[in-house]
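Numbering (our numbering), first residue to last: 151 to 631. Glycine included, every Cβ here is placed at the ideal spot set by N, Cα and C. Structure record follows, encoded as structure tokens.
Structure follows, in structure tokens:
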């Protein structure tokens, strides 16, 4: 491990982050919000100053990034992005409490969508745009974009890409990581533009359509409105967002394969069809369960499909208060919070692929109970899953569950009721956004004590980096030569 390389890379990441702040600065100037523009200018200047100091340390050759260096860079890049990304909120006084500003920023970058804001529409246009932009940058991954842009990373970019990219990565993508990351970002951009145009045609104005497109493809869930998507009360907008949430929850490597003309391989993906089946079945169940609430099949289908896609893709947009749904629907939605979307998508959760592997591995062990001599590989779609991968998946699941229980107990010890505590941890650790009870889809996280907000911010980072990257840094063996 070479900490000097990590410091240099983190410095360059901060310089990149400072550059992105110029976009909302421009938005602030367009809307004549000069206090907001000054806040972004000051934030960009301070971020670039610290980034320059850090980037001048360490070797100029960044191609020799090892796996432990990658863990260090990726984990601290998100922590630092939260700190410096919070400065515009804090300097503009839109969020005058730094703990709240940090929570909102990490919620943005991690695409969680949980908020401490009680009046979202009071924010400047620049800060509203920055909220959505943090979603969009974090959705595909800050470090993945960094790998795509900076040519000097060389082979080291592979370790950075593999450490931050969400879920298991298709083997065919590994040889040319820089090309892959650039292509994934182009696809991501194209889908965002398509979503924005569709929302504009459906009735949103230009500003709202751009913001909600960024939040949708990132599966983030930040809205520019206090009432989220429900405030628009537009069936066409609901339909567009439902479809694009579905698109965002699909493994982006399948879009990569399709862009290379490998359509048959893309559409034959087993996880894709499992994901679609889960969405359809859950939508049907919730629709039937809430027909009485909405007085008709089509109205119930409209709200059920939106809520199901909002939860399973961990976007968290709201058009209805699902905390008021019947127990069956609420329980189903909580389960879907843990499941999440496809591996390699911008969705959070544990990912469908991992549950498929665990289910097949458990079935194999059940058969081995009465056929101990059985030798059978776990296969997903005809591809053998390596035993190391299976062990890693079970280890991740165990860590996720342990952190969920521990953090829920800590919140309960702070006096938070059980339903709020458990679903708040599930919502932040799974990068979903809303939970139940006091953190339901029409509520916010502002009531939590400061210590709880820092704990939930940590949960968001743990969830976005899928636990292992961060927890590994806590092991003494990680720091030994």
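With fewer than 16 other Cβ atoms inside 10 Å of its own Cβ, residue 216 counts as exposed.
Counting C-beta pairs closer than 8 Å gives three or more between the segment 407-423 and the segment 496-510, which meets the contact rule. Following the DSSP letters along the chain, one finds residue 537 inside the alpha helix (DSSP H) bounded by residues 537-563.
The count of Cβ pairs closer than 8 Å, one atom from the segment 261-273 and one from the segment 199-207, stays below three, leaving the stretches out of contact.
In this structure, residue 374 sits near residue 358, with a CB-CB distance shorter than 7 Å. For residue 534, the secondary structure class from DSSP, reduced to helix, strand or coil, is strand. Cβ atoms of residue 406 and residue 333 come within 8 Å of each other, at about 6 Å. Taking C-beta atoms as the reference points, residue 618 and residue 612 fail to come closer than 7 Å.
Look at residue 217 here: in three-state DSSP terms it is helix. Residue 530 is not a Cβ neighbour of residue 511, given a cutoff of 7 Å.
Here residue 388 is buried. Its C-beta has 16 or more other C-beta atoms within 10 Å.
Residue burial annotation: residue 556 is exposed, with fewer than 16 other C-beta atoms found within 10 angstroms of its C-beta.
Secondary structure note for residue 415: its alpha helix (DSSP H) is the uninterrupted segment 413-417.
Separation of the CB atoms of residue 276 and residue 183 is rounded to 6 Å, and the pair is thereby assigned contact status at 8 Å. Residue range 420-444 is occupied by the alpha helix (DSSP H) that includes residue 440. According to the DSSP secondary-structure assignment, residue 336 is paired through a beta bridge with no residue.
Between the segment 552-568 and the segment 578-596, the count of Cβ pairs shorter than 8 Å is three or higher; the stretches touch.
Residue 358: member of the alpha helix (DSSP H) spanning 356-367, first to last residue.
Rounded to whole angstroms, the gap between the alpha carbons of residue 609 and residue 461 is 18 Å. If you draw a straight line from the Cα of residue 472 to the Cα of residue 525, it is about 46 Å long.
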